[in-house]
Amino acid sequence: MIMDAARISKALGLSHVEFRKEVTSTQDAARASQASPPYLVCALEQSAGKGRLGRRWQSDRGGLYFSMVVQRPEEDWAVPLVSAYALWKGLSSKVLSLKLKWPNDLYAEDKKLAGIMVEGWDDRLAIGVGVNVNQQGFEGSLASSAVSLRMLAGAEFDLEALLIDTVSLILKAMDELAEHGFQFFQPALRRVLLEADQPVKVIRDNRTYTGRLLDLGPSGEALVQGSEGELFTVPAQHLLEAR
Ligand code: BTN
Numbered sequence: 496m497i498m499d500a501a502r503i504s505k506a507l508g509l510s511h512v513e514f515r516k517e518v519t520s521t522q523d524a525a526r527a528s529q530a531s532p533p534y535l536v537c538a539l540e541q542s543a544g545k546g547r548l549g550r551r552w553q554s555d556r557g558g559l560y561f562s563m564v565v566q567r568p569e570e571d572w573a574v575p576l577v578s579a580y581a582l583w584k585g586l587s588s589k590v591l592s593l594k595l596k597w598p599n600d601l602y603a604e605d606k607k608l609a610g611i612m613v614e615g616w617d618d619r620l621a622i623g624v625g626v627n628v629n630q631q632g633f634e635g636s637l638a639s640s641a642v643s644l645r646m647l648a649g650a651e652f653d654l655e656a657l658l659i660d661t662v663s664l665i666l667k668a669m670d671e672l673a674e675h676g677f678q679f680f681q682p683a684l685r686r687v688l689l690e691a692d693q694p695v696k697v698i699r700d701n702r703t704y705t706g707r708l709l710d711l712g713p714s715g716e717a718l719v720q721g722s723e724g725e726l727f728t729v730p731a732q733h734l735l736e737a738r
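See below:
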């Protein structure tokens, strides 16, 4: 299933779309590009896909891997949360009981379906999105922790159509963020995150704490209660990774 950059570019109204069969990471290719934002870099596979906080993102064929580079908005700290909400909305129309786990992971049947990382440099942000789409199973530690749309829905998905749908929802959310601010998203995002009630992780002083999300405030700050009752406030700024 080969994607067509010209078709994608036309459908999304983007003047620059780079499609690669294989890259190390679309985030790195996006950083190296000379294009002016907004632009999109997508790939069929990544040899060194990156996850948040220095983790790896397994990127075999069958998944959707892209980096959407946008001009840094005023409320740049809100982009990881708002783009995750857009992705959750888009994919919720395809599979049932999709949960948005703070800050920006999508889970179904207690397994990870998709993840987002947002890296910023200069006046740009690269919204990196990975979705498990047509994989029919996972090996090793992922066998019990990852799931794909195909495994959930029992049908194959058209990667190009999914890319176009997903990127348009993210771009629409970026326009809404610029126009109305984070306050436009906060009530719905808070509800979806709290309803998901997924265990969340907080890193403090090089220690990882597992806890529950108690609240998401008006500036995107998360209030998390650790397993021993300790309270943490995580500012939304912590979700943006610099590079
Ligand atoms: C996470 O859950 O930790 C975030 C995963 C983000 C993966 C995507 S795949 C496309 C883009 N390129 C990368 O190297 N990573 C992001």
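The C-terminal residue of the sequence shown carries number 738 in the numbering used here, and the numbering is unbroken. Backbone N, C-alpha and C fix where the C-beta goes; we use that ideal spot for every residue, glycine too. Owing to the predicted nature of the structure, the values given are computational and were not obtained by experimental measurement.
- request: Identify, in the order they occur along the chain, each residue of the same chain with its Cβ nearer than 7 Å to the Cβ of T521, setting aside the five sequence neighbours on each side.
  value: V536, C537, A538, Q541, Y560, F561, S562, G623
query: Using the rule of at least 16 other Cβ atoms within 10 Å of the residue's Cβ for burial, across every protein chain shown, is K505 buried or exposed?
result: exposed
- prompt: Which word fits S722, buried or exposed, when buried means at least 16 other C-beta atoms lie within 10 angstroms of its C-beta?
  reply: exposed
field: Buried versus exposed, by CB contacts within 10 Å (16 or more), S578
entry: buried
query: If we count the other Cβ atoms within 10 Å of its Cβ and call it buried at 16 or more, is P713 buried or exposed?
result: exposed
- prompt: Which same chain residues, not among the five before or five after Q693, have their C-beta less than 7 Å away from its C-beta?
  reply: K594, K596, Y602
- prompt: Does the distance from the CB of S663 to the CB of L548 come in under 9 Å?
  reply: no
message: Can you look up T519 in the DSSP assignment and give me helix, strand or coil?
response: coil
message: For E655 and M498, which I take to be in contact (beta-carbon distance under 8 Å), what is that distance rounded to the nearest angstrom?
response: 5 Å
query: Skipping 5 residues on each side, what residues in its chain have a beta carbon closer than 6 Å to that of T661?
result: G585
message: Please classify A501 as buried or exposed, where buried requires at least 16 neighbouring CB atoms within 10 angstroms.
response: exposed
message: I'd like to confirm the pairing. Which residues does DSSP put opposite T728 in its beta bridges?
response: L718
- prompt: Does the beta carbon of Q630 fall short of 8 Å from some heavy atom of ligand 1?
  reply: no
field: Cβ neighbours of V565 in the same chain (closer than 6 Å, five flanking residues each side left out)
entry: P532, P533, L620, M669
message: For a quick check, are the C-beta atoms of I665 and L582 less than 9 Å apart?
response: yes
- prompt: Anyone know if the C-beta pair for Q681 and L711 falls short of 9 Å?
  reply: yes
field: Minimum C-alpha distance to L726 - residue among G706, Q678, S554, P568
entry: G706
- prompt: Tell me which same chain residues have a C-beta within less than 7 Å of the C-beta of A731, skipping the five on either side of it?
  reply: W572, A573, L576, S714, G715, E716
- prompt: Got a sec: does ligand 1 put a non-hydrogen atom nearer than 8 Å to the Cβ of M612?
  reply: yes
message: Does R741 come out as helix, strand or coil in the three-state DSSP assignment?
response: The question about residue 741 has no answer here: the residues shown for the chain are numbered 496 through 738.
query: In its own chain, which residues sit with a C-beta less than 6 Å from the C-beta of Y704, not counting the 5 before and 5 after it?
result: V697, G721
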